[in-house]
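See below for the structure under consideration.
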Amino acid sequence: MGVTARLAARRTAVLVTEVPGWAAVRCALEREVRARGWRPADSPADADVLAVCGRPGPRFAAAVGLAWAQLPGPRARVDVHEVATVAAALDGAAAELADAPAQRRDAQSRTGEPSTGVLATDPVEEPAPDDDRSAGQRDEEPPAFDDPGPPDDPDPGTDSDDTGSDDPDPDSDSDDMDMDMGGTDMPMPGGIPLAGAGDDDQLADPDALDLDVLHVPLGPVLPHWPAGLLLHTTLQGDLVVAARAEVLEPADGSAPPGSLHGTPAGRWDAVATLLALAGWADGATAAARLRDAAIEGGALPGDAERWAGRIRRSRLLRWSLRGLGPLPEGDALDRLGHWLAGTERPRSTTLDEVAELVTGLDLAAVRLVVASLDLDTADRTAVPAGAAP
Amino acid sequence: MTVVQVPPGWVPVAGLLLLGVATAAASLDGALAARSAGRTLGGGLLTPLAETARLLNQRRRATLAADTPLRRLGIAGLLTAALLMAAVIPFGRWTVADLAVGVVWFNAVDVLLWAAVWLAGWGPNSVHPLVGGYRFLAQALCYELPLMFALTAPAVAAGSLRLGDVVAAQQGLWFVVWMPVAFAVCCAAVLAFSVWGPFAAPLGSGSAGGVLAEAAGVDRWLVQAGRYALLTAGAAFTVTAFLGGGQGPLLPAWLWVLVKTAVLLAAFVVLRRRLPVVRPERLAVPAWLVVLPLTLLQLLVVSVVVVVRA
Chain A
806 MGVTARLAAR RTAVLVTEVP GWAAVRCALE REVRARGWRP ADSPADADVL AVCGRPGPRF
866 AAAVGLAWAQ LPGPRARVDV HEVATVAAAL DGAAAELADA PAQRRDAQSR TGEPSTGVLA
926 TDPVEEPAPD DDRSAGQRDE EPPAFDDPGP PDDPDPGTDS DDTGSDDPDP DSDSDDMDMD
986 MGGTDMPMPG GIPLAGAGDD DQLADPDALD LDVLHVPLGP VLPHWPAGLL LHTTLQGDLV
1046 VAARAEVLEP ADGSAPPGSL HGTPAGRWDA VATLLALAGW ADGATAAARL RDAAIEGGAL
1106 PGDAERWAGR IRRSRLLRWS LRGLGPLPEG DALDRLGHWL AGTERPRSTT LDEVAELVTG
1166 LDLAAVRLVV ASLDLDTADR TAVPAGAAP
Chain B
660 MTVVQVPPGW VPVAGLLLLG VATAAASLDG ALAARSAGRT LGGGLLTPLA ETARLLNQRR
720 RATLAADTPL RRLGIAGLLT AALLMAAVIP FGRWTVADLA VGVVWFNAVD VLLWAAVWLA
780 GWGPNSVHPL VGGYRFLAQA LCYELPLMFA LTAPAVAAGS LRLGDVVAAQ QGLWFVVWMP
840 VAFAVCCAAV LAFSVWGPFA APLGSGSAGG VLAEAAGVDR WLVQAGRYAL LTAGAAFTVT
900 AFLGGGQGPL LPAWLWVLVK TAVLLAAFVV LRRRLPVVRP ERLAVPAWLV VLPLTLLQLL
960 VVSVVVVVRA
């Protein structure tokens, strides 16, 4: 391995995806990533490694495949199901990234042009649990899509060698915005319809701007986001004017190791997520370290108290969170305070309530509100899947 | 002390100097990140080199129906703007371009960033970058006017828009002493136009990386390097306008510029890790109702002092 490859490996960025129920594996993975000096990625384009914690069901797997197709490459994918195998999996990913001939083959097997994806709202054909998912069927599956950018590849493979459509040479990319498709009046750049006036979902705009309506799914492959949550949003500008939430399930017959909710580790995990979204790098790292210490059982109480105090005293944070996501028992800031004090009460939030809370907010506020709810998507009684219409 | 314009052959040296200081800032940030993650401070020092090696080895990402020319203009715009800013800043006795309107030049280049960051967000034809681009505009509406008036204060006090004259006018008394508000506003605006620290919302995790959500490879490198270079150029300008530039005892003037810039830059880097991001939609009210009037008041005080002294 050359000097540049060794240098590059020091900053490997990992896009972490958690299937509902595998929080402990995700925490172990994040801890290992931190210990190696690697870093979590914000989006597929930012990532070298896609790490899937747990066994996703078919729709979730399709979404993961779509995210995988967006990794620019060199890229590696790891599937981790147990805490014990985390380190070995990451070693494997590092070796895969360093394998230049294999990476070159992977790049050459990817098609040139980015292609349109499919809608997250398309009906799903659930394959049989023992389906080995042949290539033909994969194309039929409508992946839910974490990133609202134009999806690249409707082919959600499970194998690192057969997917991908990122353009290794973007010069060949079409940027003709005026290309008319099919003789319609509406221009269809790259074959995708432009955001247009909505039908019945266009809301009356108080500013009379008459903004275009765009349907954007958030999740499930999205960092700092509840495991498996898929939020179908209708955007006008960057405001969510309508939303519908659902939870993508783990694979049938899998036995997830369970949730961290209600434990000190779960509380610090929620704090770490919220602080990461609030853009407080040191606070989020400290909270994640306290979480990992709590999982190990060797929590440092003094350090925890010090950080809890610091987080509570941060004026900028209070200013950012005050008034967000009001529930009868308080807003996002109150919920953060309860996590820090360990006084939060178990609360069941239905998916409809989540959708209602985020409606009318801008995208960043939606992320903060969802994080502040600390949804336990692995708990079917608290978050009934049937809540989605 | 007069400032002389160096021959054009020195321009690459000036560019490398800017990038070198920017790299040092990135190293410091990497070291602080490593410490906060519980690793040794030294382990993070190589971060800018490692990140460069990683990104230059990575393929770019193409998106569907991307507006490629505008996207590239935007992505290249950050680093370009930083280099253009650095061109007018006196480095001790030397400067690349001894413009009679140096202060205005700096301000004009920082306005270019409105277009650069927004185009970088518009280009990929993707929601999160576009939202990030508009967030930057919302933020720019908050910092730009206070910055313009804050930059007026040293120019009024020096009676010149030439940066060399601004430095000369601080002989004996740095402007920061009697223009603290303008200095603070200038520092905050430098953070904001570098999309840094509390003003990093357009790139934040809250929008999956915002403007950078679809950037990979050399595109991401250009934006990240551009941010560090902007922060460096902004710190050097603030040092020149408020902290006496090359004024100081014993050491040569160029070394004073370097030392002061390094200290201010380090403060910016440390600040970033300690503060959460300010949501742009909550920024407008304090920016227009508190900061802008205070800046104007500062300008009034400076103008009165100048008139009385004359």
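Protein chains in written order, with this note's numbering: chain A, 806 to 1194; chain B, 660 to 969. Note that the Cβ used here is the ideal one computed from N, Cα and C, for glycine as well.
| When the cut-off is 7 Å and only beta carbons count, does Ala1190 of chain A lie next to chain B? | Unreliable positioning characterises Ala1190 of chain A in this predicted model, as indicated by a pLDDT of 41, which lies under 50. The coordinate reading is nonetheless provided below. No, no contact with chain B.
| request: Would you decide whether Val824 of chain A is buried or exposed? Buried here means 16 or more other CB atoms lie within 10 Å of its CB. | output: buried
| message | Bridge partners for Trp753 of chain B per DSSP, in chain order? | response | B:Val663 and B:Phe750
| Thr920 of chain B and Ala884 of chain B: beta carbons closer than 7 Å? | no
| request: Whole angstroms is fine: what's the gap from Leu923 of chain B's alpha carbon to Ala888 of chain B's? | output: 14 Å
| task | Establish whether the CB of His1020 of chain A and some CB of chain B are separated by less than 7 Å. | result | no
| To which residues of the same chain is Val1171 of chain A closer than 6 Å at the C-beta, ignoring the five residues directly before and after it? | Val1045 and Val1163
| request: Check the Cβ-Cβ distances between Leu829 of chain B and every residue of chain A, and say whether any is below 7 Å. | output: The amino acid occupying residue 829 of chain B in the given sequence is Gln; Leu does not appear at that position. It does not: the Cβ of Gln829 of chain B has no partner Cβ on chain A nearer than 7 Å.
| field | Under 7 Å (Cβ pairs) to chain B, residues found in the region 824-849 of chain A | value | Arg839, Gly842, Asp847 and Ser848
| message | For Pro805 of chain B and Val844 of chain B, I'd like the C-alpha separation in whole angstroms. | response | 7 Å
| said: For chain A, check one thing: does any of its Cβ atoms lie closer than 7 Å to the Cβ of Leu930 of chain B? | reply: no
| field | Backbone secondary structure at Gln1041 of chain A - three-state DSSP | value | strand
| field | When B:Gly863, B:Ala814, B:Val918 and B:Val663 are compared against Pro749 of chain B, the one with the closest alpha-carbon | value | B:Val663
| query | Within the 7 Å Cβ cut-off, does Leu1180 of chain A reach chain B? | reply | no
| field | Beta-carbon neighbours of His1029 of chain A, restricted to chain B and to distances below 8 Å | value | Ser864
| query | What do you reckon, are the CB atoms on Gly869 of chain B and Leu862 of chain B nearer than 7 Å? | reply | yes
| So which of B:Val966, B:Val965 and B:Thr954 has the shortest CA-CA distance to Phe808 of chain B? | B:Thr954
| field | Pro952 of chain B - DSSP class collapsed to helix/strand/coil | value | helix
| query | Which residues share a DSSP beta bridge with Arg844 of chain A? | reply | A:Ala818
| task | Provide the residue(s) that pair with Ala1047 of chain A in DSSP beta bridges, ordered along the chain. | result | A:Thr1039
| query | Taking the C-alpha atoms as reference points, what is the distance between Thr682 of chain B and Val918 of chain B? | reply | 15 Å
| task | Please check the pair Val1175 of chain A and Trp1030 of chain A, which I expect to be a contact at CB under 8 Å, by giving their CB distance rounded to whole angstroms. | result | 7 Å
| query | Of the residues that make up the region 865-878 of chain A, which ones have a beta carbon closer than 9 Å to any beta carbon in chain B? | reply | Gln875, Leu876, Pro877 and Gly878
| query | Could you check where the alpha helix (DSSP H) with His1020 of chain A kicks off and where it finishes? | reply | Careful: His1020 of chain A lies outside any alpha helix (DSSP H), inside the beta strand (DSSP E) at Val1018 to Leu1023.
| said: Under 8 Å, CB to CB, which of the residues in the region 1083-1101 of chain A have a partner in chain B? | reply: Ala1083, Gly1084, Trp1085, Ala1086, Asp1087, Gly1088, Thr1090, Ala1091 and Arg1094
| Relative to the C-alpha of Gly807 of chain A, which residue among A:Gly859, A:Ser1119, A:Ala905 and A:Asp1157 is closest? | A:Ala905
| query | Looking at the C-beta of Thr809 of chain A, does it have a partner C-beta in chain B at a distance below 7 Å? | reply | yes
| query | In terms of residue numbering, what span does the beta strand (DSSP E) encompassing Asp884 of chain A cover? | reply | Ala881 to Val885
| query | Would you say Ser695 of chain B faces chain A, with C-beta separation under 7 Å as the test? | reply | yes
| message | In this structure, how does DSSP classify Pro1055 of chain A when only helix, strand and coil are distinguished? | response | strand
| request: Measure the C-alpha to C-alpha separation of Val670 of chain B and Val883 of chain A and round it to an integer number of angstroms. | output: 47 Å
| Enclosing alpha helix (DSSP H) for Leu924 of chain B [first to last residue] | Ala912 to Arg933
| message | For a contact defined as C-beta to C-beta under 8 Å, what are the partners of Pro911 of chain B on chain A? | response | By Cβ distance, chain A contributes nothing, its closest Cβ being about 35 Å from Pro911 of chain B, past 8 Å.
| Residues of chain B with a CB under 8 Å from the CB of Trp1124 of chain A: which are they? | Val937 and Arg941
| query | Is the Cβ of Ala892 of chain A closer than 7 Å to any Cβ of chain B? | reply | no
| query | Per DSSP, Pro747 of chain A forms a beta bridge with which residues? | reply | No answer is possible for residue 747 of chain A: the residues shown for chain A start at 806 and end at 1194.
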